[in-house]
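Numbering (the UniProt record's numbering), first residue to last: 1 to 336.
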């Protein structure tokens with residue numbers, strides 16, 4: 001145990017109700033009498049700690065008539081330093097480059113403290129990992145601008161290029177929430193052009209200018225209703241319930257998953273049936289298709305037919321590759 005760790009523990013012991021004896025401190029810190037005395041003296045001389053010896057209890061404590069003492073500056077034990085580095089690693093993976101300009105000095109100091117304790121900071125970075133899948137990168141400066149507007153409740157003027165039409169429009173929006181969903185960032189905002197709530201993918205915001213005007217405040221309850229009523233990132237009230245029947249093999253995973261807070265799951269014979277509300281089938285369709293033959297859409301008929309068309313279209317691609325005379329492929333409804 002290095003000095004930083006011992007002093008952290010000493011501080012905790014000295015603040016306890018029962019003043020610890022020297023023998024108890026030696027046992028608690030797993031250190032010799034000489035080491036404990038040196039640490040106590042170090043705290044008195046270099047930290048201004050008002051440590052006194054109580055003859056009545058044969059223990060050490062902070063003087064009752066002195067101002068409450070706390071360890072100065074950045075002072076963490078080894079476990080907390082590990083946790084801080086791990087959190088920094090996770091945040092860097094969530095939004096690369098976001099924190100680097102701000103916490104660089106803090107990161108360097110944490111690494112120095114760890115190395116003083118005989119621990120490699122690199123060991124922490126390589127043992128705590130967060131892997132993103134299909135992440136779309138967002139410019140750090142643009143992310144910071146949007147995040148500041150959302151937290152500060154200020155209006156934004158944005159240039160946005162939607163994927164459906166590939167057309168750029170300029171809009172004034174009132175940021176409400178910044179949402180991290182499936183490894184990607186979305187801005188939930190009141191759009192003046194649409195006069196309604198809209199969800200904007202941050203990677204499709206090509207310009208963002210903060211405005212001085214305060215943003216319209218949409219009540220949290222309304223946001224929760226709008227965002228949480230149906231499956232996926234698409235907002236709006238649920239217009240239908242999907243009834244999905246999974247094989248026993250697929251159910252090993254699906255039964256433990258939360259697709260929606262209001263979902264209903266139950267076993268029907270050897271199959272697992274999952275019911276989820278949805279307002280827009282696009283995202284739900286992708287999740288269904290990834291299970292291939294291990295899931296069947298029972299209802300509604302509209303969704304069942306749509307999934308059947310997608311699967312038939314996919315199968316036709318493979319048939320035509322094997323048999324050039326199979327003819328042209330039907331147009332896929334999934335190509336949005």
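Think of the CB as a built atom: it goes at the ideal place given N, C-alpha and C, for glycine as much as any other residue. The model shown is predicted, which means the values in this text are computed figures rather than measured ones.
For this session: Using DSSP bridges, identify the partner residues of residue 191.
Result: In DSSP, residue 191 forms a bridge with 173 and 196.
Exercise. Is residue 243 closer than 8 angstroms to residue 275 when the C-beta atoms are compared?
Worked result: In this structure, residue 243 lies closer than 8 angstroms to residue 275 by Cβ.
Exercise. Roughly how many whole angstroms lie between the Cα atoms of residue 26 and residue 32?
Worked result: About 6 angstroms.
Exercise. Residue 312 by DSSP, collapsed to three states: which one?
Worked result: Residue 312 falls in the helix class under three-state DSSP.
Exercise. Can you list the beta strand (DSSP E) stretches of 3 or more residues lying completely in the region 44-72, in chain order?
Worked result: Complete beta strand (DSSP E) runs here, min 3: 51-54 and 59-62.
For this session: Figure out for me which residue from 52, 71 and 193 has the closest Cα to the Cα of residue 65.
Result: Proximity to residue 65 across 52, 71 and 193 peaks at 52, based on C-alpha coordinates.
Problem set entry | Where residue 140 falls: helix, strand or coil (DSSP) | In the structure shown, the three-state DSSP call for residue 140 is helix.
Problem set entry | Reference residue 210; option with closest CA among 179, 153 and 240 | Here the closest residue by C-alpha is 153.
For this session: Report the residue from 246, 239 and 141 whose alpha carbon sits nearest the alpha carbon of residue 207.
Result: The option with the nearest alpha carbon to residue 207 is 141.
For this session: Return the chain-ordered list of same chain residues with a C-beta closer than 7 angstroms to the C-beta of residue 39, the five sequence neighbours on each side being excluded.
Result: If the five residues before and after residue 39 are omitted, its C-beta is found closer than 7 angstroms to the C-beta atoms of 3, 6, 7 and 10, all from its own chain and listed in chain order.
Exercise. According to the Cβ coordinates, are residue 175 and residue 189 closer than 8 angstroms?
Worked result: In this structure, the beta-carbon distance from residue 175 to residue 189 falls below 8 angstroms.
Exercise. Using the beta-carbon count (16 or more within 10 Å), is residue 269 buried or exposed?
Worked result: Classification for residue 269: exposed.
Exercise. How many angstroms separate the CA atom of residue 136 from the CA atom of residue 202?
Worked result: Looking at the backbone, the Cα of residue 136 and that of residue 202 are separated by about 9 angstroms.
Problem set entry | Limits of the unbroken beta strand (DSSP E) element including residue 212 | It spans 205-214 - the beta strand (DSSP E) in which residue 212 sits, taken as one unbroken run.
Problem set entry | Enclosing alpha helix (DSSP H) for residue 253 [first to last residue] | Segment 248-254, the alpha helix (DSSP H) holding residue 253.
Problem set entry | Closest by C-alpha distance to residue 261, when choosing among 219, 186, 58 and 225 | Taking only the C-alpha atoms, the option nearest residue 261 is 225.
For this session: Report the rounded CA-to-CA distance for residue 357 versus residue 162, giving the unit in angstroms.
Result: Here the chain comprises residues numbered 1 to 336, so residue 357 is not present and cannot be evaluated.
Problem set entry | 6 angstroms CB neighbourhood of residue 71 in its chain, flanking five on each side removed | Once the five neighbours on either side are set aside, the close Cβ partners of residue 71 are 11.
Problem set entry | Assigned secondary structure, residue 291 (DSSP; H/G/I helix, E/B strand, else coil) | In the structure shown, residue 291 sits in coil (DSSP, three-state: anything other than H, G, I, E or B).
Problem set entry | Boundaries (first-last residue) of the beta strand (DSSP E) holding residue 274 | Run containing residue 274: 271-278, per the beta strand (DSSP E) assignment.
Exercise. Is residue 186 closer than 8 angstroms to residue 250 when the C-beta atoms are compared?
Worked result: Their beta carbons are not under 8 angstroms apart, which means residue 250 does not touch residue 186 by this criterion.
For this session: Would you give the residue range spanned by the beta strand (DSSP E) that residue 156 belongs to?
Result: Where residue 156 is concerned, the enclosing beta strand (DSSP E) starts and stops at 154-161.
For this session: Kindly indicate the opening and closing residues of the alpha helix (DSSP H) around residue 6.
Result: First-last of the alpha helix (DSSP H) with residue 6: 3-14.
For this session: Given a cut-off of 8 angstroms, decide if residue 295 and residue 288 are closer than it, judged by their beta-carbon atoms.
Result: Yes, these two residues count as a Cβ contact at 8 angstroms.
Exercise. Straight-line CA distance for residue 61 to residue 83?
Worked result: Rounded to whole angstroms, residue 61 and residue 83 show a C-alpha spacing of 29 angstroms.
For this session: Go to residue 268, then tell me how far its beta strand (DSSP E) extends in each direction, as first and last residue.
Result: Per DSSP, residue 268 belongs to the beta strand (DSSP E) from 264-268.
Problem set entry | residue 303 burial status per 10 Å Cβ neighbour count (16 or more: buried) | Label assigned to residue 303: buried.
Problem set entry | Neighbour-count burial assignment, residue 45, 16 or more Cβ in a 10 Å radius | Its Cβ having fewer than 16 others within 10 Å, residue 45 is exposed.
Exercise. In angstroms, rounded to a whole number, what distance separates the CA positions of residue 20 and residue 56?
Worked result: Using only the alpha carbons, I get a separation of about 12 angstroms.
Exercise. Do residue 133 and residue 183 have their C-beta atoms closer together than 8 angstroms?
Worked result: The answer is yes: Cβ separation under 8 angstroms.
Exercise. Roughly how many angstroms lie between the CA atoms of residue 178 and residue 156, to the nearest whole one?
Worked result: Annotation: residue 178 to residue 156 spans about 13 angstroms, alpha carbon to alpha carbon.
For this session: Can you tell me which of 285, 205 and 199 puts its alpha carbon nearest to the alpha carbon of residue 241?
Result: Of the listed residues, the one whose Cα sits closest to residue 241 is 285.
Exercise. What did DSSP end up calling residue 304 once you bin it into helix, strand or coil?
Worked result: The answer is helix: DSSP assigns residue 304 an H, G or I state.
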